[in-house]
DNA sequence: TTACAGTATCTTGCATTACTAGGTAGTGTA
DNA sequence: TACACTACCTAGTAATGCAAGATACTGTAA
């Protein structure tokens, strides 16, 4: 999959998944990769950035399948940002579809 | 509009518009900006790259509204690339929509 | 004549973000 | 002991959109 398409959209996907329920990084990589490939080296820095910008809070939780998991939880600010970004994506992707699927017109 | 969303997609839009009819750079900026803002400093380097990669050929044409216009014409290779890219976009954007609009499930 | 708006092309340097390729460490199994 | 899987992390690189500037042609208004 074209890596450029993912720019900015991965952020939106991460926000959407964490909005539904608290997630840890490795889990997000797995979940998103079911739809399209994403690298760990992409997701962890993204989570760090979104946390720094107060869209997430984090907490650690023991696991019996490996080292402790760092869970991310959406803040109020994060939810607002997510909804704004999702709305922007809707508008943008619909515009793109208009351009690329438009029938030839007499002009 | 989120600048990141456009990464890679602008290429697709330019290909789509030139596929319909030969276009010059300034025209593409105007046409795309009807849907979402795009800068000249983005489009001209993109056209240069796509031409270098043999997706476009170019020709000059006089204008009575200003300096000569450089028209871009899609090559066979360009059309193949456009259709491939458009199909990738379809798959990608549908995946994103599944992630961000999915209802909460019992899990 | 001069100035400006609109049309049309181009370039340089910057900001952002995804990926590659590595590392560390815990758990369970062969 | 070795390996696979889970789980976290980072440094450096590549790709691409944008801001801000330059150049130049046409037509119009002061």
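Protein chains in written order, with my numbering: chain G, 2 to 108; chain A, 2 to 108. Every residue, glycine too, gets a C-beta built ideally from N, C-alpha and C. These figures come from a predicted structure and were not determined experimentally.
Cβ-Cβ separation between residue 30 of chain A and residue 39 of chain A: approximately 6 Å, consistent with a contact (criterion under 8 Å). Counting C-beta atoms within 10 angstroms of its own C-beta, residue 17 of chain A has 16 or more neighbours from the protein chains shown and is therefore classed as buried. DSSP places residue 76 of chain A outside both helix and strand once states are collapsed to three, so it counts as coil. Looking only at A:27, A:32, A:22, the smallest Cα-Cα distance to residue 42 of chain A is reached by A:27. Sorting G:13, G:94, G:33 by C-alpha distance to the C-alpha of residue 80 of chain G places G:13 at the top. One Cα belongs to residue 61 of chain A, the other to residue 70 of chain A, and the distance between them is close to 6 Å. At a Cβ-Cβ threshold of 8 Å, residue 96 of chain A and residue 37 of chain G count as neighbours. Under the rule that a run must span 4 or more residues, the alpha helix (DSSP H) segments found entirely inside the segment 18-52 of chain A read 26-34. Our two residues, residue 102 of chain A and residue 66 of chain A, have alpha carbons roughly 47 Å apart in a direct line.
Taking the CA atoms as reference points, residue 74 of chain A sits about 18 Å from residue 86 of chain A. Spatial neighbours of residue 2 of chain A in its own chain (CB-CB distance under 7 Å, excluding positions within 5 residues in sequence) are listed in chain order as 37, 38. In the three-state reduction of the DSSP assignment, residue 8 of chain A falls in the coil class, being assigned neither a helical nor a strand state.
For residue 50 of chain A, the closest of A:6, A:15, A:34 by C-alpha to C-alpha distance is A:15. CA-to-CA, the gap between residue 99 of chain A and residue 35 of chain G works out to about 11 Å.
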